[in-house]
Ligand SMILES: Nc1ncnc2c1ncn2[C@@H]1O[C@H](COP(=O)(O)OP(=O)(O)OP(=O)(O)O)[C@@H](O)[C@H]1O
Ligand SMILES: Nc1ncnc2c1ncn2[C@@H]1O[C@H](COP(=O)(O)OP(=O)(O)O)[C@@H](O)[C@H]1O
Ligand code: SF4
Ligand SMILES: [Mg+2]
Ligand SMILES: [Mg+2]
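Residue numbers (the numbering used here), protein chains in the order written: chain S, 7 to 377; chain B, 296 to 644.
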């Protein structure tokens, strides 16, 4: 792949928030390392999915990429231009090309503005469309693209359902003709039947407008569905990155495996046969991440050497990038999960040896019975 | 008779100047000891109101009407006075809410909240109660339980609070536990821990569990039988496997077609249900799902579809249900006749 095909490149990106204490003097007593050294590239026209548990730094990464939060360190290159050192005026001009969609359409839309005024605002800010008629034409096109009727223009956000509000949020981004859209949990506030409408809409828009997406979501099934490449974050860093299908069929990092095995699948046959890797405890605080491998305090495969004191870097393993010292030996099952602190359970029967594939191939016949 | 038998439960909220809301409209289901029964449906379909009504937790307001019965071990919970209800709640019947903060007392340490429950319902005091509390917190996977006993709810993470709440629910060994979206606010890895705990409780103590969720994946892994709700009505009831293999109500089928699955590939198109729950008929008769239904017939608009019960114990409210594979589509209004081999599979679960 040539560098021209890369629309966005993030290099060693860091966002550290100061933790302040004190009444008179704001003393900085430490830092939350929300994003702590992330490298990733997004090819033009593709979708990069970012998954991980709440608080792992997904939203912060998305905002820092768009320069909505100032990075503490590292670079963001958008279409060949480094953004972190760009003068404000030039950055403003670039902004039109990078838009964002938010999780909760209600709180991201001003309740006192009608749809027309919501959509006009961005056009005016960026000086697009010479007069009212031109802007109306652009807005009309945007409404068509997201599947909203023209009468929506004079209505207010509260008059729409959640799915329609998310369409308004998408129209607000699309009307500016962006190349990159960062979508932060775009469907997680929506009902299942509405989620699918919005997911399909995002897919269609990508196809027709050649959009590049960074989709941030905690729902792995949604992310798998819409992403070409998926990055898994844990405590501010990527622990694995792989083509979407490969990540799900061959997860290599222990955290990815645990995450995959925890996602419920709406199919009793699959659910009854799956091995679940239960992690002990909760996510450690990002203000005070564990030394060595950040996952070692919860990792079922943690080894007495290296894990606690040497931070693993992302390495290429057969087309995936994985940050685990022992990934190959875990994949070959030479290393087995230790049962101390974490457990591997099987759904209905306890007798069989655990399988290494979190979701067994659907061809295996189910013979478990319940009730 | 089942441990809990909910029959024709209905809840309406009337407010002056506003349309009366039929939040729950003739809901019936039953739960046996050691059984997990799911209530599944989208936001606003009446899951929480159903559970609050059974638990007697709906605010008593002039406009609120509750009808039907909820018979628990021979006693109609809906007919109890406050005292009797408080007595049964906590001892025999417990509930876990979606937001654990709202049901924990913010100014009392976790440990004291657990020991209070133990004192009230199992007569334990002093060191015995404290030891039991530590054991319970440990069992629900709270690390370092001795220290945690002294902490206040806000000092615990969301997952930890939910586990503390489960510890309190388990403390009195309830015979019936109603869990309303117990894991919706949590990350999947924590969700997996908590679901595992609930399964253990059912298996080890024979607790009857009513699992309320919008997540079809959770239902597939947990529930023995499932009630699908739409707009306050149960539109389909079935055992787990038949429901997922051969959904009969178009809404159930639509839901299953909408969810992206972790084990299906990139780009396989989803089949959303058109419209939204807000699209309702402007008159109360007729099937509430009709405005969004691809199988809609004229009959669907005229009257509430009757409950069709099939020989294998499933039921649905639909005039033109999704045909079973290998079955000649039924005439409108008549249930299809399943072929013999289908039959066997259906009754197996
Ligand atoms: N006290 C109340 N007064 C009036 N309407 C109410 C009241 N409580 C609930 N409702 C309405 O009853 C219906 C069912 O609400 P309920 O909370 O049971 O939904 P739910 O299925 O639990 O949804 P969710 O998945 O969002 O929790 C909704 O239309 C809701 O707006
Ligand atoms: N403005 C801020 N100030 C201080 N801490 C923040 C700020 N924004 C986010 N954080 C912290 O950074 C971490 C990552 O947050 P976030 O990126 O929102 O996670 P995610 O989107 O993955 O849930 C969290 O610990 C969060 O509390
Ligand atoms: S490096 Fe060690 S602790 Fe980290 S994921 Fe790999 S095995 Fe687990
Ligand atoms: Mg976020
Ligand atoms: Mg609810």
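Every residue, glycine too, gets a C-beta built ideally from N, C-alpha and C.
Kindly list, in the order they appear in chain B, the residues whose Cβ is closer than 7 Å to that of residue i.
i: residue 219 of chain S; result: In chain order: nothing, as chain B lies at least about 13 Å away.
i: residue 272 of chain S; result: 511, 512, 515, 539, 551, 554, 556
Can you pull the chain S neighbours of residue i, defined as C-beta to C-beta under 8 Å?
i: residue 566 of chain B; result: 202
i: residue 620 of chain B; result: Here the premise fails: no neighbours, minimum Cβ distance about 16 Å.
i: residue 547 of chain B; result: Within 8 Å Cβ-Cβ: nothing; residue 547 of chain B doesn't reach chain S, min ~11 Å.
i: residue 499 of chain B; result: Going along chain S, no residue has its Cβ under 8 Å from residue 499 of chain B, so there is no contact; the nearest lies around 14 Å.
Can residue i and residue j be called in contact, C-beta distance under 8 Å?
i: residue 205 of chain S; j: residue 232 of chain S; result: yes
i: residue 512 of chain B; j: residue 481 of chain B; result: no
i: residue 234 of chain S; j: residue 257 of chain S; result: no
i: residue 519 of chain B; j: residue 536 of chain B; result: no
i: residue 200 of chain S; j: residue 169 of chain S; result: yes
i: residue 224 of chain S; j: residue 245 of chain S; result: no
i: residue 230 of chain S; j: residue 557 of chain B; result: yes
i: residue 318 of chain S; j: residue 515 of chain B; result: no
i: residue 510 of chain B; j: residue 342 of chain B; result: no
i: residue 345 of chain B; j: residue 316 of chain B; result: no
i: residue 532 of chain B; j: residue 610 of chain B; result: yes
i: residue 564 of chain B; j: residue 617 of chain B; result: no
i: residue 56 of chain S; j: residue 16 of chain S; result: no
i: residue 149 of chain S; j: residue 177 of chain S; result: yes
i: residue 49 of chain S; j: residue 37 of chain S; result: no
i: residue 3 of chain S; j: residue 90 of chain S; result: A query on residue 3 of chain S cannot be resolved here, the shown segment of chain S reaching from 7 to 377 and no further.
Name the chain B residues whose beta carbon is nearer than 8 Å to that of residue i?
i: residue 2 of chain S; result: The displayed coordinates of chain S run from 7 to 377. Any statement about residue 2 of chain S would go beyond what the structure contains.
i: residue 206 of chain S; result: 564, 565, 567
i: residue 113 of chain S; result: The contacting residues do not exist; residue 113 of chain S stays about 16 Å from chain B at best.
i: residue 254 of chain S; result: 557, 558
i: residue 264 of chain S; result: 484
At a cut-off of 7 Å, is residue i close to ligand 5 when judged by its beta-carbon and the heavy atoms of the ligand?
i: residue 475 of chain B; result: yes
i: residue 397 of chain B; result: no
i: residue 342 of chain B; result: yes
Report yes if the C-beta of residue i is less than 7 Å from at least one heavy atom of ligand 4; otherwise report no.
i: residue 190 of chain S; result: yes
i: residue 65 of chain S; result: yes
Would the beta-carbon of residue i be found less than 7 Å away from any heavy atom of ligand 3?
i: residue 297 of chain S; result: no
i: residue 308 of chain S; result: yes
i: residue 62 of chain S; result: no
i: residue 318 of chain S; result: yes
i: residue 157 of chain S; result: no
i: residue 257 of chain S; result: no
i: residue 542 of chain B; result: no
i: residue 343 of chain S; result: no
i: residue 469 of chain B; result: no
i: residue 302 of chain S; result: yes
i: residue 260 of chain S; result: yes
i: residue 331 of chain S; result: yes
i: residue 582 of chain B; result: no
i: residue 518 of chain B; result: no
Measure from the C-beta of residue i to each C-beta in chain C and report whether the shortest distance is under 8 Å.
i: residue 531 of chain B; result: Among the protein chains in the structure shown, which are S and B, there is no chain C.
Cβ closer than 7 Å: which chain S residues qualify as neighbours of residue i?
i: residue 603 of chain B; result: Neighbours of residue 603 of chain B on chain S: none; closest Cβ ~23 Å, over 7 Å.
i: residue 487 of chain B; result: 268, 282, 284
i: residue 315 of chain B; result: The premise fails here: residue 315 of chain B is roughly 21 Å from chain S at the closest Cβ pair, so nothing lies under 7 Å.
Check the Cβ of residue i against every Cβ in chain B and list those closer than 9 Å, keeping chain order.
i: residue 38 of chain S; result: None at all; the shortest Cβ gap to chain B is about 15 Å.
Residues of chain S with a CB under 9 Å from the CB of residue i: which are they?
i: residue 395 of chain B; result: None at all; the shortest Cβ gap to chain S is about 14 Å.
So if I threshold CB-CB distances at 8 Å, which residues from the stretch 501-528 of chain B count as touching chain S? 509, 510, 511, 512, 513, 514, 515, 516, 519
Select from the stretch 449-476 of chain B all residues with a C-beta closer than 7 Å to any C-beta belonging to chain S, and list them in chain order. 452, 454, 455
Quick one, which residues of the stretch 323-348 of chain B are near chain S if we go by CB-CB under 7 Å, in chain order? 337, 338
Looking at chain B, which residues of the stretch 145-170 of chain S have a Cβ within less than 7 Å of any of its Cβ atoms? 167, 169
Which runs of the alpha helix (DSSP H) fall wholly inside the stretch 118-186 of chain S and span at least 4 residues, in chain order? 121-131, 138-152, 168-180
Mind pulling the beta strand (DSSP E) runs of 3 or more residues that sit fully within the stretch 79-109 of chain S? 79-84, 104-107
Along the stretch 65-88 of chain S, where does the CB come closer than 7 Å to a CB of chain B? Name the residues. none
In chain order, which alpha helix (DSSP H) runs of at least 4 residues are fully inside the stretch 416-461 of chain B? 421-434, 440-443
Quick one: which unbroken alpha helix (DSSP H) runs of 4-plus residues sit fully inside the stretch 525-559 of chain B? Chain order, please. 535-540, 545-553
Suppose only complete runs of 3+ residues qualify. What are the beta strand (DSSP E) ranges in the stretch 246-323 of chain S, listed by chain order? 281-284, 321-323
What are the start and end residues of each continuous alpha helix (DSSP H) run of 4 or more residues lying completely inside the stretch 455-510 of chain B, in chain order? 483-500
Select from the stretch 577-593 of chain B all residues with a C-beta closer than 7 Å to any C-beta belonging to chain S, and list them in chain order. none
3-residue-minimum beta strand (DSSP E) runs that sit fully inside the stretch 15-59 of chain S, ordered along the chain: 33-49, 53-57
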